[in-house]
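Below: one structure, written as structure tokens.
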Amino acid sequence: MRYIFPRQFGLHNVFTSKIDRRETAMPFTDYTLREKEINQSLAREAQGKEIDDEMILKRKSRLPARLRGEPFGLVARMRKLNKKCSYVELLRHYCPVEVCS
Numbered sequence: 051m052r053y054i055f056p057r058q059f060g061l062h063n064v065f066t067s068k069i070d071r072r073e074t075a076m077p078f079t080d081y082t083l084r085e086k087e088i089n090q091s092l093a094r095e096a097q098g099k100e101i102d103d104e105m106i107l108k109r110k111s112r113l114p115a116r117l118r119g120e121p122f123g124l125v126a127r128m129r130k131l132n133k134k135c136s137y138v139e140l141l142r143h144y145c146p147v148e149v150c151s
């Protein structure tokens, strides 16, 4: 959910955040690997507080109210359908490789 709705979790997003030119030369930041950013966000929330493993788990699993219910179900369905899809077969069908002899 944090990858799909980053703004709801206070993470950098393409619509409202500025791009740090020291991190990337591309027009947009690469959002494929966000674990470092997610961990930094959790550390910012916990700054100055004593935190145990149970609290870390609780904060990682926290879901904003507007994402509960129907949006959560839609994301779960999308993930399930994504697992079922054979992208290799789609690639072979739409982009066949011609063998030259």
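Going by our numbering, the first residue of the sequence shown is number 51, and it counts up by one from there. C-beta atoms are modelled at their ideal positions from N, C-alpha and C, and glycine is treated no differently. Just so it is clear, the structure is predicted and the values come from calculations on it, not from any experiment.
Establish whether the CB of residue i and some CB of chain D are separated by less than 7 Å.
{"i": "Phe78", "result": "Of the chains in the structure shown, none is chain D; there is only one protein chain."}
Residue i to residue j, Cα distance in whole Å?
{"i": "Lys130", "j": "Val138", "result": "17 Å"}
{"i": "Leu117", "j": "Asp80", "result": "24 Å"}
{"i": "Val64", "j": "Asn132", "result": "23 Å"}
{"i": "Ser136", "j": "Glu95", "result": "39 Å"}
{"i": "His143", "j": "Val149", "result": "15 Å"}
{"i": "Ser67", "j": "Thr74", "result": "14 Å"}
Buried or exposed: where does residue i fall if 16 or more other Cβ atoms within 10 Å of its Cβ makes it buried?
{"i": "Pro146", "result": "exposed"}
{"i": "Phe59", "result": "buried"}
{"i": "Pro56", "result": "buried"}
So, at 8 Å on beta carbons, what are the nonlocal neighbours of residue i in its own chain, with the 5 sequence-adjacent residues on each side left out?
{"i": "Leu61", "result": "Arg52, Arg84, Glu87, Ile88, Ser91"}
{"i": "Glu78", "result": "First, the residue type needs correcting, since residue 78 is Phe and not Glu in the sequence shown. Closer than 8 Å at Cβ, skipping near neighbours: Val64, Ile69."}
In its own chain, which residues sit with a C-beta less than 7 Å from the C-beta of residue i, not counting the 5 before and 5 after it?
{"i": "Ile54", "result": "Val125"}
What residues in its chain sit with their C-beta under 6 Å from that of residue i, if we drop five residues either side in the sequence?
{"i": "Arg72", "result": "none"}
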